[in-house]
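Take 34 as the starting number for the sequence shown in the numbering used here and just add one per residue. Glycine residues also receive a C-beta, built at the ideal position from the N, C-alpha and C atoms. First the structure, in the form of structure tokens, and then the observations on it.
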Amino acid sequence: MGAKKSMRARVAELRELIRLHDRKYYVDHLPEIADGEYDALMAELAGLEREHPELVTSDSPTRRVAGAPTEGFRTVEHAVPMLSLDNTYSPEELLAFDARVKKRIPDEPVEYVVEPKLDGISISLRYVDGRLDVAVTRGDGTRGDDVTTNIRTIRSIPTRLPGRRGVSEVEVRGEIFMPRSGFERLNRRRESDELPLFVNPRNAAAGSLKLRDPGEVARRPLEAFFYQIVGGGASRVATHLEAIELMRAMGFPVSPDITPAPHIEAAVERCLEWDDRRRGLDYDIDGMVVKVNSLEQQERLGSTAKSPRWGIAYKFPAEAVRTVVRDIVVQVGRTGRLTPVAILEPVFVSGSTVSRATLHNQDEIERLDVRVGDTVAIEKGGEVIPKVTEVVKSKRRGRPRRFRMPLRCPACGEPVVRPEGEVDTRCENVSCPEQVRGRIRHFASRGAMDVRGLGSALVRQIVSAGLVEDYGDLYGLEPSDLAALPRMGEKSAENLLVELEESKRRPLARVLHGLGIRHVGARVAQVLAESFPGMRELASASEDDLSAIEEIGPVIAASIRSFLGSPRNVEALRKLERAGVNMRGEPGRRRKTRTALAGLTVVLSGTLAHRTRHEAAAAIAEAGGRVSSSVSSKTDLVVVGRNPGSKHSKALELGVKTVDEAGLEKLLGTRERH
Ligand code: IVH
34 MGAKKSMRAR VAELRELIRL HDRKYYVDHL PEIADGEYDA LMAELAGLER EHPELVTSDS
94 PTRRVAGAPT EGFRTVEHAV PMLSLDNTYS PEELLAFDAR VKKRIPDEPV EYVVEPKLDG
154 ISISLRYVDG RLDVAVTRGD GTRGDDVTTN IRTIRSIPTR LPGRRGVSEV EVRGEIFMPR
214 SGFERLNRRR ESDELPLFVN PRNAAAGSLK LRDPGEVARR PLEAFFYQIV GGGASRVATH
274 LEAIELMRAM GFPVSPDITP APHIEAAVER CLEWDDRRRG LDYDIDGMVV KVNSLEQQER
334 LGSTAKSPRW GIAYKFPAEA VRTVVRDIVV QVGRTGRLTP VAILEPVFVS GSTVSRATLH
394 NQDEIERLDV RVGDTVAIEK GGEVIPKVTE VVKSKRRGRP RRFRMPLRCP ACGEPVVRPE
454 GEVDTRCENV SCPEQVRGRI RHFASRGAMD VRGLGSALVR QIVSAGLVED YGDLYGLEPS
514 DLAALPRMGE KSAENLLVEL EESKRRPLAR VLHGLGIRHV GARVAQVLAE SFPGMRELAS
574 ASEDDLSAIE EIGPVIAASI RSFLGSPRNV EALRKLERAG VNMRGEPGRR RKTRTALAGL
634 TVVLSGTLAH RTRHEAAAAI AEAGGRVSSS VSSKTDLVVV GRNPGSKHSK ALELGVKTVD
694 EAGLEKLLGT RERH
């Protein structure tokens, strides 16, 4: 009884805390806790509610917004998987799409259709005997949530189809969205009810579909456009445009802006036009979709596991938005560099909320003349870290204080230095806790020792608990040390120790990269590992010995010597050696490994999501491949990332084999990451 009571109290306390932080985040825009801490509160509450369903209330924060657990909705398997579209960002990539289509459909005219890409939630509706039977979200593409009850409340979606004799089953797909005007109204209402505000219409639509109370969903201004008939229902039409017309006739809302384009050039023009025109719409679109009009051609083109070959999304270029600088803080990196960071009033840009942007260094701050309280323009493209591009001086009020780099490190309090002629200010205290954490995170990172499960939060915990002072101590961790950490179960402790044990066998190049020597990234580490029999020999090499190696210049050589000249670093290295971490190099190894990439000439085009260009090149080199910078008839393979540009088109032109990022990972034999 007593336990139950205290649990009840904990549930109430958690709800109160979450509401408080929701308010601070969404309303006051002054978050007080890190996202991770907020997530932990939410997870604890969801866990308690799962164990004690009798304590669930409809107003619990877990039932509320997007991102809340969706348990409670039945999951349903899609008869036809819900795929996603590949993205492009430039006219060239649209031309390359056309080239791929024409390759599979040679000697035939191909007509396209261009339509807005709605920024909402995709939905699949199945009608049986003319009645809405089930509405399912996309989910993971194979299975989604059954949200039929909520969908029924959307007035523009028909629950009965007119006279559908002979067609017992129809499945249509489209997008649920919230118009901007409705979104503004909803947020105003929430503001006066002192409820957390939604960040954007898409999140509001997602949150609404997950509500438990259909009555409340009915009050949400949701709309829908449908763009696809799947399965047998499409057999009576020959083109995508006819399918749209058929859906319209059946009573489904369809976009009024779907138009044919006789060739790809016309489609490109339409896409570019819409970047401007979209501002006149009352709903958000994040791009355009170009589709092959003929359904028979669509069928011949088919799909890859992920996306159809008959359609492609064109994403609009990064948006620049304005926001206010609330504060400028200083971050200390693993190398001791102090980076000023602007803390922004959260704004939604290109798909996510931005609340921080790097200001690089004192010089950059002076160049921009950015001060706390200023309105600034920020820009974000793809996955790049957002950047402050200019200060809107006309909006400056009063005489805001200029930012000055602190004279002491904000993490450890030691004096900082800015060497003459350099732009960076540094903390030179190797025991500075921020640096310690950063070095350990880097050591464990994917490109280095790849210790799964050792993420930032855990690194913070083990450093704060005094369990490790440098990466050398990682291998001395005991199961009991780890199990005593909050939120660390026995199982996760055990997994981490297994991962650490495994990491001891990583090649020397990775160990060297993990040490965090300035200027020694994956590529230089590889060169070093191939030039010395082992760590000992490397440690006793002089600066001249090092500079004699091709690809190692005097700056790198000096940096290596200086690193190895520090007793602390030598001590950390000793710990690694004593723990049994591999210290043998691969001298003279000239890519003897037999891997799928051995002997192949590979070109990287565009950006990858999981590796930097440098890391990818190093991994390919490690697997025995040769990375070249331009595509020619000698190229064996082109890896196509985001924004691939001309190398990709060239590959298509020359018929060179291409793979996407997942394909590359497969060839590298990388384990699946979770
Ligand atoms: S056609 C791949 N047309 O964008 C299945 N999709 O990744 C065919 N979307 O999940 C999709 N507007 O939810 C299509 N006019 C439109 C669209 C559209 C938005 C969404 C859809 C899909 C995602 C593509």
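Using 10 angstroms around the beta-carbon of residue i, count the other beta-carbons present and answer buried if the total reaches 16, otherwise exposed.
i, result
"Arg644", "buried"
"His54", "buried"
"Thr175", "exposed"
"Asp506", "buried"
"Lys135", "exposed"
"Pro195", "exposed"
"Leu687", "exposed"
"Ser225", "exposed"
"His475", "buried"
"Pro94", "buried"
"Gly522", "exposed"
"His273", "buried"
"His296", "exposed"
"His85", "exposed"
"Lys680", "buried"
"Thr90", "exposed"
"Leu47", "buried"
"Thr422", "exposed"
"Leu512", "This sequence places Pro at residue 512; Leu is not what is there. The residue in question, Pro512, is exposed, as its Cβ has fewer than 16 Cβ neighbours within 10 Å."
"Asp178", "buried"
"Asp246", "exposed"
"Val44", "buried"
"Thr626", "The pLDDT assigned to Thr626 is 35, lower than 50, so where the model puts this residue is not dependable, and the model offers no usable value."
"Arg221", "exposed"
"Leu440", "exposed"
"Lys428", "exposed"
"Asp162", "exposed"
"Pro142", "exposed"
"Pro620", "exposed"
"Lys243", "buried"
"Val456", "exposed"
"Ala10", "Since the first residue shown for the chain is 34 and the last is 707, residue 10 is missing from the structure and cannot be characterised."
"Ala581", "exposed"
"Gly488", "exposed"
"Glu298", "exposed"
"Pro587", "exposed"
"Pro452", "exposed"
Would you please state the rounded distance, in angstroms, between the beta carbons of residue i and residue j? I believe it to be under 8 Å.
i, j, result
"Ser336", "Leu118", "Contact doesn't hold; Cβ gap of about 11 Å is too wide."
"Ala238", "Ile154", "5 Å"
"Val387", "Leu377", "6 Å"
"Val560", "Glu576", "Contact flag wrong, Cβ pair sits at about 16 Å."
"Thr356", "Ile411", "6 Å"
"Arg685", "Ala132", "Before going further, note that residue 685 is Leu rather than Arg in the sequence given. Leu685 to Ala132, Cβ: 5 Å. Contact."
"Val367", "Arg472", "At residue 367 the sequence reads Arg, which differs from the Val that was named. That pair is a contact at about 5 Å."
"Val113", "Val263", "5 Å"
"Pro286", "Glu256", "7 Å"
"His546", "Ser592", "In fact, because the Cβ distance is near 14 Å, the residues do not count as touching under 8 Å."
"Asp308", "Phe349", "5 Å"
"Ala444", "Glu467", "4 Å"
"Val672", "Leu697", "5 Å"
"Val374", "Arg389", "5 Å"
Just to check, is the beta-carbon of residue i closer than 7 Å to a non-hydrogen atom of ligand 3?
i, result
"Ala346", "Summarising the ligand content, the structure contains ligand 1 and does not contain ligand 3."
Could you say if the segment 490-501 and the segment 649-666 meet the contact criterion of at least three C-beta pairs nearer than 8 Å?
-> In this structure the segment 490-501 does not touch the segment 649-666; the number of beta carbon pairs closer than 8 Å is below three.
When the Cβ atoms of the segment 154-162 are set against those of the segment 295-308, are three or more pairs found closer than 8 Å?
-> no
Residue ranges of each beta strand (DSSP E) within the segment 265-312, 3 or longer | 292-294
Length-filtered (4 minimum) alpha helix (DSSP H) runs lying within the segment 528-613 | Annotation note: the segment 528-613 contains the following uninterrupted alpha helix (DSSP H) runs of length 4 or greater, listed N- to C-terminal: 541-547, 555-564, 568-572, 576-580, 587-597, 600-612.
Which residues have their C-beta within less than 5 Å of a heavy atom of ligand 1, listed in chain order?
-> Leu116, Ser117, Leu118, Glu148, Lys150, Leu151, Ser155, Glu208, Tyr260, Val322
Runs of alpha helix (DSSP H) wholly within the segment 388-418 (minimum 4 residues, chain order) = 395-401
Give a yes or no on contact between the segment 533-552 and the segment 456-467, applying the rule of three or more CB pairs nearer than 8 Å.
-> no
Identify every run of the alpha helix (DSSP H) within the segment 635-701, keeping only runs that are complete inside it and at least 4 residues long; order them along the chain.
-> 646-655, 679-687, 694-701
Whole alpha helix (DSSP H) elements within the segment 149-202, 4-residue minimum | 181-184
Cβ pair count under 8 Å reaching 3, the segment 198-213 against the segment 304-321 | yes
Does the segment 640-654 come within contact of the segment 578-598, defined as at least 3 CB pairs closer than 8 Å?
-> no
For the segment 200-210 and the segment 120-128, state whether three or more C-beta atom pairs, one from each stretch, are separated by less than 8 Å.
-> no
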